[in-house]
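K.L.:
In the UniProt record's numbering, the protein residues as written are 1 to 167.
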């Protein structure tokens, strides 16, 4: 699976926001999304989904629930999956290999309406994800069969209709 996006935590979000906007501008990157009261920001090329994220460490909580601003935190890395089944297989394989669940496979409409992801913490605590951005119709294996059945039916109906038109 190719890398889908990467996220960095920072104790100084505004400073890093200005830096990355300037540094990535020659690559066509702009700020695309912002949520959590501006504490999470997504960047990407103009006509693409965000593939680079900055998050304030003010969002990071320690085990006792207190805000942890001690450093930049761990990395968040997402791999792109071709299908939702690959997302589920990634999750199962990661859990079997010793990862901890950080969000089971499922839709995440708060990120994007077609977002389907699974999150695990690797053995050292990094947030690793597999994500499929295709709508359910395309992201599930059954979707392709349904699509080709529908297209075949439409072509057959069109052929039947055109046979009956007097020329």
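Glycine included, each C-beta is placed from N, C-alpha and C at the ideal position.
Excluding five sequence neighbours on each side, which residues of the same chain lie with their C-beta closer than 6 Å to the C-beta of residue 128?
P.N.:
What you label residue 128 is simply residue 128 of the chain shown in a count that begins at 1. Hits under 6 Å: 77, 120, 122.
K.L.:
Measuring CB to CB, does residue 52 end up less than 9 Å from residue 6?
P.N.:
By 1-based counting over the chain shown, the position of residue 52 is 52. By 1-based counting over the chain shown, the position of residue 6 is 6. Cβ atoms of residue 52 and residue 6: closer than 9 Å.
K.L.:
Per the DSSP calculation, residue 31 is bridged to which residue(s)?
P.N.:
To locate residue 31, count along the chain shown from 1; it is residue 31. Beta-bridge pairing links residue 31 to 43.
K.L.:
Starting from residue 89, trace the beta strand (DSSP E) both ways and give me its first and last residue.
P.N.:
Working through the chain shown from its first residue, we reach residue 89 at position 89. No beta strand (DSSP E) holds residue 89; the alpha helix (DSSP H) holding it covers 84-96.
K.L.:
Going straight from the alpha carbon of residue 45 to that of residue 29, what length do you get?
P.N.:
The residue given as residue 45 occupies position 45 in the chain shown. The residue given as residue 29 occupies position 29 in the chain shown. Answer to the nearest angstrom: the Cα atoms are 4 Å apart.
K.L.:
Within the continuous alpha helix (DSSP H) that includes residue 19, where are the two ends?
P.N.:
Taking the first residue of the chain shown as position 1, residue 19 is located at position 19. Counting along the chain, the alpha helix (DSSP H) containing residue 19 begins and ends at 13-24.
K.L.:
If you count every other CB in all the chains shown that lies within 10 Å of the CB of residue 169, and 16 or more means buried, which is it?
P.N.:
This structure does not reach residue 169, given that the chain is present from 1 up to 167, and the question cannot be answered.
K.L.:
Just to confirm, are residue 116 and residue 84 a CB contact at a threshold of 9 Å?
P.N.:
Here the question's residue 116 lines up with position 116 in the chain shown. Here the question's residue 84 lines up with position 84 in the chain shown. Against a cut-off of 9 Å, the Cβ pair of residue 84 and residue 116 comes out as a contact.
K.L.:
Starting from the C-beta of residue 70, find all residues in its chain whose C-beta is less than 6 Å away, skip the five residues before and the five after it, and write them out in chain order.
P.N.:
Along the chain shown, one-based indexing puts residue 70 at 70. Bear in mind that a pLDDT of 48 at residue 70, under 50, signals an unreliable position, so the number given afterwards is only what the model happens to contain. Result list for residue 70: empty, nothing under 6 Å.
K.L.:
Can you grab the Cα-Cα spacing for the pair residue 180 / residue 151, in whole Å?
P.N.:
Nothing about residue 180 can be reported from this structure: the residues present for the chain run from 1 to 167 only.
K.L.:
Leaving aside the five residues before and after residue 103 along the sequence, list all residues of the same chain whose C-beta is less than 6 Å from its C-beta, in chain order.
P.N.:
Taking the first residue of the chain shown as position 1, residue 103 is located at position 103. Counting only Cβ-Cβ distances below 6 Å, and skipping sequence neighbours, we find 119.
K.L.:
Go ahead and label residue 27 buried or exposed: buried means 16 or more other beta carbons lie within 10 angstroms of its beta carbon, across all protein chains shown.
P.N.:
Translated into positions along the chain shown, residue 27 becomes position 27. Exposed, because fewer than 16 other Cβ atoms sit within 10 Å of the Cβ of residue 27.
K.L.:
Just checking my contact of residue 59 with residue 16 at CB under 8 Å: how many whole Å lie between their CB atoms?
P.N.:
The sequence position of residue 59 within the chain shown is 59, counting from 1. The sequence position of residue 16 within the chain shown is 16, counting from 1. At roughly 14 Å, the Cβ-Cβ gap does not stay under 8 Å, so residue 59 and residue 16 are not in contact.
K.L.:
Can you tell me which of 39, 93, 136 puts its alpha carbon nearest to the alpha carbon of residue 108?
P.N.:
Within the chain shown, numbered from 1, the residue matching residue 108 stands at position 108. Among 39, 93, 136, the Cα nearest to that of residue 108 is on 136.
K.L.:
Alpha carbon to alpha carbon, how far is residue 124 from residue 101?
P.N.:
If you number the chain shown from 1, residue 124 lands on position 124. If you number the chain shown from 1, residue 101 lands on position 101. Rounded to whole angstroms, residue 124 to residue 101 spans 13 Å at the Cα level.
K.L.:
Take residue 87 and list the residues in its own chain whose beta-carbon comes closer than 8 Å to its own, dropping the five residues that flank it on each side.
P.N.:
If you number the chain shown from 1, residue 87 lands on position 87. Within the same chain, residue 87 has close Cβ partners 81, 105, 116, 117, 118, 130, 131, 132.
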